[in-house]
Amino acid sequence: MRPMVNEPEFDVIIVGSGIAGALAAFRLAQARYRVLILEAGGVAPDSIGRWSMAHYYWTSPSKSPDSPFCADGVLPIDPNIQPPNYAFVQPNPIGPQDPDKSNYYVYRDPVDPRNPNRFKSYYERLVGGSTWHWQGIYMRMLPNDFRMSTLYGKGFDWPISYNDLERWYVDAEYEMGVAGNDAENTNYYQRRFGAFRSKPFPMPALAPSYLDKQVAAAVNGKTLAGFRTIPLQVNTVPHAINSRTYDQRPACEGYTSCVPLCPIKARYEAIVHVEKALKAGATLRTKAVVTKLQLDDNRNNVTRVFYKRWDGTEDRASGRIIVLAANAIENPRILLWSNAANRSDAVGRYLMDHPIKQSYGLARRPLYPFRGPQTTSDIAAFRDGPFRRQFSGFKTSIKNDGWSSVGAIITSPRGNVVPPSHPDKPNSVGTVLDFVENEKLFGPDLQRRLREHATHQITLNTACEQLPIGDNRVTLANDKLDYFGIPRPMINYRLYDDQNYVAKCFETILELHKLVFKLLGVDDTKDQFLQEAPDAFSGSGHIMGTTIMGTDPAKSVVDKDCRAHDHPNLFILGSSVFPTSSTANPTSTIAALALRAAETIKAQLKG
Amino acid sequence: MNDKDASGAETPVALAAKQVIYVWYISAFFLPRSETERPPVRVWFYGTPEQYSRALLWSVIHAHAPMTPGGPPGHWANAPPIS
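Here is the structure:
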């Protein structure tokens, strides 16, 4: 029987312990408010450094992103799967083949033959959220990203500007520890895009790789045909990865495993602030899947949060302020199931990702990949410009990990599976398994072939913005329930839009890949592999939109302070509030908005 | 390497040789998930963490096994030492 408690039990209940929830929880607990964090997932086994998690990875066959987290009681299990054991109920749309048994997302039938109608990004249901396996790339949005409607007639303007958010970007960078190059920011980002900084980066940038330098030497100053005013330049990438000891965490030593796990905690993870929040007095309840919000009789304020534990038992908690920070799939799912915050009918709409085109090749000279952080430099020239009236902005990461992320067959240089024989394209795979099984190599021939292939590998990974489209949305699959009896998320998603904004961008991206490869001496007759098929793309793991921010309560879900228009004590954090996606990795903006909202919440609690 | 017998099946020597190569290069060998499954699905068995980090592959390509130390901070800024 549930004991009687005085309500509200907490000042703030935060749903989700990823980057947004963790930062807000810390700031609010630090201010001595009673904070409860409800997290749907378990706790990764981190008690002896990272040893046990790294051990799971070292000894796992697949070396997959989930490998470090395979201990019992960490990731959710699905007892309905046969054999009845520990297949994960992770929301992974690209993994298991049978979507109705083991895939969490539910899709409508494809409506466009070009469109695979698959939203390819997912997330970690785990204390610390998806920051467990992110690359730590920490890009601010650009000033023009906040004004897409005014400047380019696309999407929406944000109700806040870069200037409004700049001090919070700084706050988050110092809270988390970000390494970046101040001179490059002044000379490139500020000069070209107006992205000023009011304070220097807390740490100098991570060293660009040898590979980056070869690409820079070949590419800098060159232009793409038709874009003579946009010179290409290779810049270092800002990271939430330590380049020196910071916040008692060590400097990066280049384990080349940012995804799935930094074994020495050089890379920032939300768990850092979960731990800080707990030390400051916050309460954490894990394996607690929030099912519903309860509103008061006037449907004005949220009064209680109901949740189910993994063992199926139900409980509830009450708070003065409720914060949803459960990502852009779960935030709308909770709101829709609760019939809350949706007078605009905007909840679930404008689902966005940063669709990726990834090409790979073999450079003429050795580049020595498989060393250093997975990305240390990028080409940001096309992040903004007048072309955004016609097609998406984009950003190209230069990968330091060879072809290891190209696909399931090409998990270079080891290989997990034997690829089908491919005599017409002998260099297209390049794994140990490929050379042994298909080319029958052994001894010195195998060594030479491996070395000459692997040391020349380069992958270009380009992510682009996607317009906010109302029909790209999350709804409830009312006839398909999850383990807890809650409708699973129905994803209606089209990669391509009616304005060909993404399609034209993909064409330009492939032209850029061809140019960079040409400048690196990649032989386009046998060593260049472009992701040319129209329906071939990857997800970024950047799930955005679905509870967008705006000034008009009839068209948006939250206001400029991330407060629900319909419920003054409900806040929504994370990239679900993004009205447009920018071209950049969303974490810096998620963090800045979370810290900014924490101040608003404090003021509201005092008031 | 003549790795097929008259029937087109891999010879036991060829199969064993490949497993030795895999143990040597990637510190793993495989077994079929099932004797009857066609095409066979391989289940890989990795050795100890030490064996993973010392697998020959990584020194052949002048790199290091992922999630193992690569060297001091910033070592990736230069070409690897090649002896």
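In order, the protein sequence lines correspond to chains A and B.
Anchor point for the first sequence: position 27 equals 27 in this note's numbering, and the numbering is continuous, going up by one each time.
Take the position in the second sequence, starting the count at 1, then add 1000; the result is the number in this note's numbering.
Every residue gets a Cβ at the ideal spot worked out from N, C-alpha and C, and that includes glycine.
With the cut-off set at 9 angstroms, would you say residue i and residue j are in Cβ contact?
i, j, result
"residue 404(A)", "residue 1066(B)", "yes"
"residue 372(A)", "residue 1070(B)", "yes"
"residue 41(A)", "residue 323(A)", "no"
"residue 1055(B)", "residue 1080(B)", "no"
"residue 489(A)", "residue 333(A)", "yes"
"residue 459(A)", "residue 417(A)", "no"
"residue 148(A)", "residue 179(A)", "no"
"residue 557(A)", "residue 346(A)", "yes"
"residue 156(A)", "residue 553(A)", "no"
"residue 1024(B)", "residue 61(A)", "no"
"residue 376(A)", "residue 400(A)", "yes"
"residue 199(A)", "residue 170(A)", "yes"
"residue 388(A)", "residue 584(A)", "no"
"residue 529(A)", "residue 355(A)", "no"
"residue 594(A)", "residue 19(A)", "yes"
"residue 30(A)", "residue 308(A)", "no"
"residue 544(A)", "residue 158(A)", "no"
What is the DSSP secondary structure of residue i, reduced to helix, strand or coil?
i, result
"residue 1073(B)", "coil"
"residue 572(A)", "strand"
"residue 352(A)", "strand"
"residue 82(A)", "Residue confidence is low: residue 82(A) scores 44 on pLDDT, short of 50, so the model does not pin down where it sits. Its coordinate-derived value is still stated next. Residue 82(A): coil per DSSP, three-state reduction."
"residue 219(A)", "helix"
"residue 375(A)", "strand"
"residue 556(A)", "coil"
"residue 599(A)", "helix"
"residue 236(A)", "strand"
"residue 118(A)", "coil"
"residue 464(A)", "strand"
"residue 287(A)", "coil"
"residue 212(A)", "helix"
"residue 52(A)", "helix"
"residue 305(A)", "strand"
"residue 1035(B)", "coil"
"residue 439(A)", "coil"
"residue 444(A)", "helix"
"residue 577(A)", "helix"
"residue 361(A)", "strand"
"residue 265(A)", "coil"
"residue 32(A)", "coil"
"residue 129(A)", "helix"
"residue 422(A)", "coil"
"residue 410(A)", "coil"
"residue 139(A)", "coil"
"residue 391(A)", "coil"
Can you list the residues of chain A that residue i reaches, using a CB-CB cut of under 9 angstroms?
i, result
"residue 1003(B)", "440"
"residue 1071(B)", "253, 254, 371"
By the DSSP assignment, the beta strand (DSSP E) with residue i in it spans what residues?
i, result
"residue 487(A)", "487 to 492"
"residue 955(B)", "Nothing about residue 955(B) can be read from this structure; chain B reaches only from 1001 to 1083."
"residue 397(A)", "394 to 399"
"residue 319(A)", "314 to 324"
"residue 475(A)", "473 to 481"
"residue 10(A)", "10 to 15"
What residues from chain A crowd round residue i, counting only those whose CB sits closer than 7 angstroms?
i, result
"residue 1068(B)", "255"
"residue 1032(B)", "Correct list: empty, because the minimum Cβ distance to chain A is about 12 angstroms."
"residue 1043(B)", "61"
"residue 1079(B)", "210, 368"
Against residue i, what residues of chain B qualify as contacts under a CB-to-CB distance less than 9 angstroms, listed in chain order?
i, result
"residue 400(A)", "1076"
"residue 450(A)", "1025, 1057, 1060, 1061"
"residue 217(A)", "None at all; the shortest Cβ gap to chain B is about 13 angstroms."
Return the first residue and the last residue of the alpha helix (DSSP H) that residue i is part of.
i, result
"residue 1059(B)", "1056 to 1060"
"residue 150(A)", "148 to 152"
"residue 270(A)", "Residue 270(A) -> no alpha helix (DSSP H), and no H or E assigned at all."
"residue 512(A)", "501 to 519"
"residue 1015(B)", "1012 to 1026"
Could you list which residues in chain B have their beta carbon closer than 7 angstroms to that of residue i, in chain order?
i, result
"residue 69(A)", "Within chain B, no residue comes near residue 69(A); the closest Cβ sits about 13 angstroms away, beyond 7 angstroms."
"residue 436(A)", "1018, 1021"
"residue 447(A)", "1060"
Along chain A, in chain order, which residues have C-beta atoms closer than 8 angstroms to that of residue i?
i, result
"residue 1049(B)", "54, 55, 58, 59"
"residue 1017(B)", "442"
Under 8 angstroms Cβ-Cβ, which residues of chain B neighbour residue i?
i, result
"residue 245(A)", "Neighbours of residue 245(A) on chain B: none; closest Cβ ~10 angstroms, over 8 angstroms."
Exercise for the section: Below 9 angstroms between beta carbons is the criterion; list the residues of the region 248 to 262 of chain A that meet it against any residue of chain B, in chain order. Expected result: Listed by position, the residues of the region 248 to 262 of chain A near chain B (Cβ gap below 9 angstroms) are 250, 251, 252, 253, 254, 255, 256, 257, 260, 261, 262.
Problem - Residues within the region 199 to 210 of chain A neighbouring chain B, beta-carbon criterion of under 7 angstroms - result: So the close ones are 207, 208, 209, 210.
Practice task
Please list the residues of the region 378 to 412 of chain A that have a C-beta atom closer than 9 angstroms to any C-beta atom in chain B, keeping them in chain order.
Solution key: 400, 401, 402, 404: these are the residues of the region 378 to 412 of chain A whose beta carbon lies less than 9 angstroms from some beta carbon of chain B, given in chain order.
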